[in-house]
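S.K.: Going down the list, the protein sequences come from chains A and B. Residue 184 in our numbering sits at position 183 of the first sequence, and the numbers go up by one each step. Residue 16 in our numbering sits at position 15 of the second sequence, and the numbers go up by one each step. Just so it is clear, CB atoms sit at the ideal spot from N, CA and C, and this is done for glycine as well. My questions will all concern the structure given below.
There are 2 protein chains.
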Amino acid sequence: MENPLIRRLECFVRLSHDDKRLLATAASQRVRRLGPREDIVVEGDPPRDVSLVLDGWACRYKTLADGRRQIIAFFLPGDTCDPHAFAVREMDHSLATLTPVTIAEIARDTLQDIVDASPRLARALIWTMLVTAAVQREWTVSLGQRTAVERLGHLLCELFLRLRAVGLTDGPSCELPLTQVDLGEATGLSNVHVNRVLQELRGSGLISLKGRVLTIHDLQRLQAVALFNAAYLHLDREGRTLDANDAR
Amino acid sequence: MENPLIRRLECFVRLSHDDKRLLATAASQRVRRLGPREDIVVEGDPPRDVSLVLDGWACRYKTLADGRRQIIAFFLPGDTCDPHAFAVREMDHSLATLTPVTIAEIARDTLQDIVDASPRLARALIWTMLVTAAVQREWTVSLGQRTAVERLGHLLCELFLRLRAVGLTDGPSCELPLTQVDLGEATGLSNVHVNRVLQELRGSGLISLKGRVLTIHDLQRLQAVALFNAAYLHLDREGRTLDANDAR
DNA sequence: CGGCCCATTGAATTGCCTCAACGCTCGTGG
DNA sequence: CCACGAGCGTTGAGGCAATTCAATGGGCCG
Chain A
2 MENPLIRRLE
12 CFVRLSHDDK
22 RLLATAASQR
32 VRRLGPREDI
42 VVEGDPPRDV
52 SLVLDGWACR
62 YKTLADGRRQ
72 IIAFFLPGDT
82 CDPHAFAVRE
92 MDHSLATLTP
102 VTIAEIARDT
112 LQDIVDASPR
122 LARALIWTML
132 VTAAVQREWT
142 VSLGQRTAVE
152 RLGHLLCELF
162 LRLRAVGLTD
172 GPSCELPLTQ
182 VDLGEATGLS
192 NVHVNRVLQE
202 LRGSGLISLK
212 GRVLTIHDLQ
222 RLQAVALFNA
232 AYLHLDREGR
242 TLDANDAR
Chain B
2 MENPLIRRLE
12 CFVRLSHDDK
22 RLLATAASQR
32 VRRLGPREDI
42 VVEGDPPRDV
52 SLVLDGWACR
62 YKTLADGRRQ
72 IIAFFLPGDT
82 CDPHAFAVRE
92 MDHSLATLTP
102 VTIAEIARDT
112 LQDIVDASPR
122 LARALIWTML
132 VTAAVQREWT
142 VSLGQRTAVE
152 RLGHLLCELF
162 LRLRAVGLTD
172 GPSCELPLTQ
182 VDLGEATGLS
192 NVHVNRVLQE
202 LRGSGLISLK
212 GRVLTIHDLQ
222 RLQAVALFNA
232 AYLHLDREGR
242 TLDANDAR
């Protein structure tokens, strides 16, 4: 199977054969397998190498002194955890797996070499960082303004589209290996309320969620209900209106 | 008065004379003055040059279809708005002034020249991006987990420390040119409730807030109340424990 | 002086939370 | 093979934090 990072970057730029080879070799140097619910890095640690998720789901989270926990981001296959984090002295948050995960650890220098070798890849990597930031902003909007139904609906839309971008959906369905507690920690809701909201979404025929499989029966309508606007995912390839300019 | 960006970057690295000159000239090429409550860029626009706030307060915000509005970030003097935003086709959020603002518009190429000329400046600029991202994550935690009192307390701590980092505090006081509506839009609370919470904070002797001046009487205690941990601001100069290594 | 923006206050409402209990499924060990 | 416990989902009841609606007052500007 092709490296999901390649698939992800190709949402943005068309990669040359060489680009792909560069990425593929970098991502195969040091591959680690982790179990579910395992910390990768914890708050206070010095930053490690860049981690690229090859398979499975992980998350970024932060814990308050009294134990309250907030999931800050989800990492899906093809996502990188903080390409530049090494610029700070210690991590201000933790990373953990949710499912069993395969990650590729890419050394700082390797990454630098890639960036130097291919301006196109450099641009693509910056693009992933911008999208990560945009997602974080959208979560801020969700938590600040959206109701519980909208928040959950929005999150499901986002995850579905992100998975689809790396080829991990099956028609209207995708895996959703999150518990209701996880969903609550990501949306700032209690697990009890998550449960009731999911029932509401199921009841109105928008989704099915059974076992670990999510099916979105009417993506359009779910997006409308959740006030979801996909623009922030920047899934449109940059060159589409600017192809002539690609040489730059 | 010295350029506030210089002061800000010096929180992180010690800049050479040349570095400062580079920055100072870049920031003086195109200076714009804006009134209060003016949009700088709106959602859907193509990204412009990088804007550096020289004076005044601005914000990033997003509006939902039905008018609900969330302030996503505050820009204080010395902050840059999205050094890399030009990598995407259209803005997914808006920027607006809150007070009268002076900004320096720095062209993409100028920025590139600076980065090429000084690796130290390049690192410092990456650091500002990381801090911006860290602040965004902390807002996610606030909105998701903190109570109204904690949220407002946390925001006040953050703003105060960020202002102090660029020399804009006066002992325990600083300017806070935000209305209670603004504070509500940033914290996801109604302006009515913001009002009541502020009274609570005043009542317990933690702060004064009168006119546009905030005074934090007991920063330690306010931090404790708000579960505030300044680590995410990464205000410690990178070299402090690594000075010997500065040559790299 | 009149009008507007902002802060403040009260009252009624509600979205979501907490607490508590129960059922299901699955893996494990006796 | 069945018993048992753990983790997760589900349900009900009661409570509280924060909201909405509405009205009032102060300060500033034209």
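1. Using a Cβ-Cβ cutoff of less than 8 Å, which residues in the same chain neighbour E186(B) once the five nearest sequence positions on both sides are dropped?
2. Note down, in chain order, each residue of its chain lying with its Cβ closer than 6 Å to the Cβ of V43(A), except the 5 sequence neighbours on either side.
3. Compare the C-beta of A88(A) with all C-beta atoms of chain B and state if any pair is closer than 8 Å.
4. Any idea if D93(B) is buried or exposed, counting beta-carbon neighbours within 10 angstroms, 16 or more meaning buried?
5. Residues of chain B with a CB under 7 Å from the CB of T141(A): which are they?
6. What does G189(B) reach in chain A if we use C-beta pairs closer than 7 Å?
7. DSSP state of E11(B), grouped into three classes?
8. Taking the beta strand (DSSP E) that E106(B) belongs to, which residues open and close that run?
9. In or out: V54(B) buried (at least 16 other Cβ within 10 Å) or exposed?
10. So which residues on chain A does I217(B) lean against when the C-beta distance must stay under 7 Å?
11. Using only the alpha-carbon positions, how far apart do R49(B) and F87(B) sit?
12. Verify the CB distance criterion: does R124(B) have a CB-CB separation below 8 Å to chain A?
13. Looking at chain B, is there any beta carbon in it that lies within less than 8 Å of the beta carbon of I115(A)?
14. Leaving aside the five residues before and after L207(B) along the sequence, list all residues of the same chain whose C-beta is less than 8 Å from its C-beta, in chain order.
15. For the beta strand (DSSP E) containing Q71(B), name the first residue and the last one.
16. Check T133(A) in the structure and name its three-state DSSP category.
17. With a threshold of 8 Å between beta carbons, is D80(A) in contact with chain B?
18. Quick one, which of T180(B), D19(B), R34(B) has its alpha-carbon nearest G212(B)'s?
19. Per DSSP, E176(B) forms a beta bridge with which residues?
20. Helix, strand or coil: which one does DSSP assign to R49(B)?
21. Is there a C-beta anywhere in chain B that falls below 8 Å from the one on A166(A)?
22. Going by DSSP, which residues form a beta bridge with C60(B)?
23. Cβ atoms of D40(A) and A1(A): under 8 Å apart, would you say?
24. In chain order, what residues of the same chain lie with their CB nearer than 6 Å to the CB of G189(A), ignoring the 5 residues before and after it?
25. Are the stretch 30-39 of chain A and the stretch 98-107 of chain A touching, with three or more C-beta to C-beta distances below 8 Å?
26. Considering only their Cβ atoms, is the gap separating A74(A) from V136(A) smaller than 8 Å?
27. Could you check which residue in L112(B), R9(B), G36(B) has the C-alpha nearest to that of G57(B)?
28. Using 8 Å as the threshold, is the stretch 122-135 of chain B in touch with the stretch 10-23 of chain B, meaning 3 or more CB pairs across them?
29. If you follow the alpha helix (DSSP H) that D20(B) is in, where does it begin and where does it stop?
30. Find the residues of chain A that neighbour I107(B), judging by a C-beta separation of less than 7 Å, and give them in chain order.
31. Output yes if chain B places a C-beta closer than 8 Å to the C-beta of I127(A); else output no.
32. Need the endpoints of the beta strand (DSSP E) that D40(B) sits in, please.
33. Per DSSP, what are the beta-bridge partners of C82(B) in this structure?
34. Residues of chain A with a CB under 8 Å from the CB of D237(B): which are they?
35. Alpha carbon to alpha carbon, how far is K21(B) from R121(B)? Give it in angstroms, no decimals.
36. Between the Cα of L23(A) and those of I115(A), A59(A), E3(A), F76(A), spot the shortest distance and give me the residue it belongs to.
M.R.: Walking through what the data contain:
1. Taking the second sequence and counting its residues from 1, the one referred to as residue 186(B) is at position 185. The residues are Y62, R70, Q71, I72.
2. Counted from its first residue, the first sequence places residue 43(A) at position 42. Contacts found: S95.
3. Here the question's residue 88(A) lines up with position 87 in the first sequence. Yes - at least one Cβ of chain B is within 8 Å of the one on A88(A).
4. Along the second sequence, one-based indexing puts residue 93(B) at 92. Buried, since its Cβ has 16 or more Cβ neighbours within 10 Å.
5. If you number the first sequence from 1, residue 141(A) lands on position 140. Residues of chain B passing the Cβ test: Q71, I73, Q137, W140, T141, L144.
6. Translated into positions along the second sequence, residue 189(B) becomes position 188. What G189(B) touches in chain A: L144, G145, Q146.
7. What you label residue 11(B) is simply residue 10 of the second sequence in a count that begins at 1. Reduced to three states, the DSSP call for E11(B) is coil.
8. Counted from its first residue, the second sequence places residue 106(B) at position 105. Residues 102-107.
9. Position 53 of the second sequence holds residue 54(B). By the 10 Å Cβ count, V54(B) comes out buried.
10. Working through the second sequence from its first residue, we reach residue 217(B) at position 216. Those within 7 Å of I217(B) in chain A number zero; the least Cβ separation is about 20 Å.
11. On the second sequence, position 48 is the one that residue 49(B) refers to. On the second sequence, position 86 is the one that residue 87(B) refers to. Using only the alpha carbons, I get a separation of about 7 Å.
12. Translated into the one-based positions of the second sequence, residue 124(B) becomes position 123. Taking Cβ atoms only, chain A reaches closer than 8 Å to R124(B), which makes this a yes.
13. Against the first sequence, residue 115(A) aligns to sequence position 114. No, its Cβ sits nowhere closer than 8 Å to a Cβ of chain B.
14. Residue mapping note: residue 207(B) aligns to position 206 of the second sequence, counting from 1. If we look at L207(B) and ignore the five residues flanking it on each side, its Cβ neighbours are G154, I217, H218, D219, R222, L223, V226.
15. As a first step, residue 71(B) must be located in the second sequence, where it is residue number 70. Start and end: 70-76.
16. Here residue 133(A) corresponds to residue number 132 of the first sequence, with the count starting at 1. The answer is helix: DSSP assigns T133(A) an H, G or I state.
17. For the purposes of this step, residue 80(A) is identified with residue 79 of the first sequence, where counting begins at 1. No, no contact with chain B.
18. Translated into the one-based positions of the second sequence, residue 212(B) becomes position 211. Closest by alpha carbon: T180(B).
19. The residue you call residue 176(B) lines up with position 175 of the second sequence. Answer is V214(B), bridged to E176(B).
20. Taking the second sequence and counting its residues from 1, the one referred to as residue 49(B) is at position 48. Reduced to three states, the DSSP call for R49(B) is coil.
21. By one-based count along the first sequence, residue 166(A) stands at place 165. Not one chain B Cβ lies under 8 Å of A166(A).
22. Locating residue 60(B) in the second sequence gives position 59, where the first residue counts as 1. Answer is F75(B), A97(B), bridged to C60(B).
23. The displayed coordinates of chain A run from 2 to 249. Any statement about residue 1(A) would go beyond what the structure contains.
24. The residue labelled residue 189(A) in the question sits at position 188 within the first sequence. Counting only Cβ-Cβ distances below 6 Å, and skipping sequence neighbours, we find L144.
25. yes
26. The residue labelled residue 136(A) in the question sits at position 135 within the first sequence. The residue labelled residue 74(A) in the question sits at position 73 within the first sequence. A contact, by the Cβ cut-off of 8 Å.
27. One-based indexing of the second sequence puts residue 57(B) at position 56. Checked all of L112(B), R9(B), G36(B); the closest Cα to G57(B) is G36(B).
28. yes
29. Position 19 of the second sequence holds residue 20(B). Here the alpha helix (DSSP H) through D20(B) covers 18-27.
30. For the purposes of this step, residue 107(B) is taken as residue 106 along the second sequence, with counting starting at 1. Simply none; closest approach about 17 Å.
31. In the first sequence, counting from the first residue as 1, residue 127(A) sits at position 126. So yes, I127(A) belongs to the interface.
32. Here residue 40(B) is taken as the residue at index 39 of the second sequence, counted from 1. Run containing D40(B): 40-42, per the beta strand (DSSP E) assignment.
33. The residue labelled residue 82(B) in the question sits at position 81 within the second sequence. C82(B) is bridged to S52(B).
34. The sequence position of residue 237(B) within the second sequence is 236, counting from 1. Residues of chain A passing the Cβ test: R90.
35. To locate residue 121(B), count along the second sequence from 1; it is residue 120. To locate residue 21(B), count along the second sequence from 1; it is residue 20. Computed Cα separation, rounded: 11 Å.
36. Your numbering for residue 23(A) matches position 22 in the first sequence. Residue I115(A) is the option with its Cα nearest to L23(A).
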